[in-house]
Amino acid sequence: CFPHVVNIAVKTGLKELIELPDYQPDIVLDNNGNMIPQSARSLVTACRASGQRRDAFENTIKEGNKEGGFGDPREVLRVVGLLKVETRWSATFLMMDRSTWCAVNTFLDDPKQDEISWRRLSAVELKVLEDIRRFLQVPHIVQEIVSAEKTPTLSMVLPMYENLILMLKQLAKELDELSIGINASIRKLEEYLNMSRRTKMYALAMGKQLLIKAVFIEILNSLPSVLNPTIKGVAREQK
């Protein structure tokens, strides 16, 4: 299925990035197979170290939300955000949101958290997180579109594969440091796409592609303006 293939492709790319010491030596896979800088993982672990600390972090988010949220522009966060443990790579994407780390910094500003305040992420580490998030944002958005369909058909999924590959190729040009990982994901997607093209249903699916592409572009153009410009750019090119 599409989510399974995307999951394999993304994790293939993330594992490839582990072998890039020139970019960020301390990038590792966590116990769930998700990629995250070691320092960020340690900070997450520290925030989860006790029930009292978890409650304090949740209160920080609640209070910040009452004041309009975190980040610039401000964004209201879900309380579970950082503290929810999931095995899907998409959970890593959500955790890497810049607004989430603004909330973490607010939490660490509390004198009661002096014990772990030294774990605050540096500007370089936040830049790494932001780059990885831009990479994960592309498959995340496409996967969300497919997941919204109760019974996605081959005629819908095939154009999604092609558009996802197109967007990732553009992103690889913009994020040169991550291009090796992004290209690894692209190769895996192309492998599955080529397998799909050998099926009897492929010809029938091709007849519906124009309609699906129109719907895809309409959905992308309806997304918030703060969305990754790479995704918006592909939508314009597809017109």
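Straight run, no breaks: the sequence shown in the working numbering ends on number 241. Backbone N, C-alpha and C define an ideal beta-carbon position, used for all residues, glycine too. Quantities reported herein were computed from a predicted structural model and do not represent experimental measurements.
Put simply, the backbone Cα of residue 118 is about 39 Å away from that of residue 188.
Non-local beta-carbon contacts of residue 7 in its own chain, meaning distances under 6 Å to residues more than five positions away in sequence, involve 194 in chain order. Under the Cβ criterion (8 Å, minimum of three pairs), the segment 37 to 57 counts as touching the segment 123 to 143.
Going by DSSP, residue 64 is part of the alpha helix (DSSP H) stretching over 53 to 68. Restricting attention to 165, 158, 47 and 137, the CA atom closest to the CA of residue 99 is found in 137. Cβ contact annotation for residue 175 (same chain, cutoff 8 Å, sequence separation greater than five): 181, in chain order.
Pairing residue 49 with residue 77, the inter-Cα distance amounts to about 21 Å.
Check the Cα spacing between residue 179 and each of 164, 16, 106 and 4: the tightest is with 16. By the C-beta density criterion, residue 103 is buried, having at least 16 other C-beta atoms within 10 angstroms. Non-local beta-carbon contacts of residue 167 in its own chain, meaning distances under 8 Å to residues more than five positions away in sequence, involve 188, 191, 192 and 195 in chain order.
The DSSP-derived three-state label of residue 146 is helix.
Following the DSSP letters along the chain, one finds residue 123 in no alpha helix (DSSP H), marked with neither H nor E. In this model, residue 197 and residue 144 are separated by some 20 Å (Cα to Cα).
Out of 111, 115 and 14, the CA that lies nearest to the CA of residue 54 is found in 115. Here residue 14 is not near residue 150, since their CB atoms are 8 Å or more apart. Shown here, residue 192 sits in a helix according to DSSP, grouped into three states. Residue state for residue 151 is assigned as coil, using DSSP reduced to three classes.
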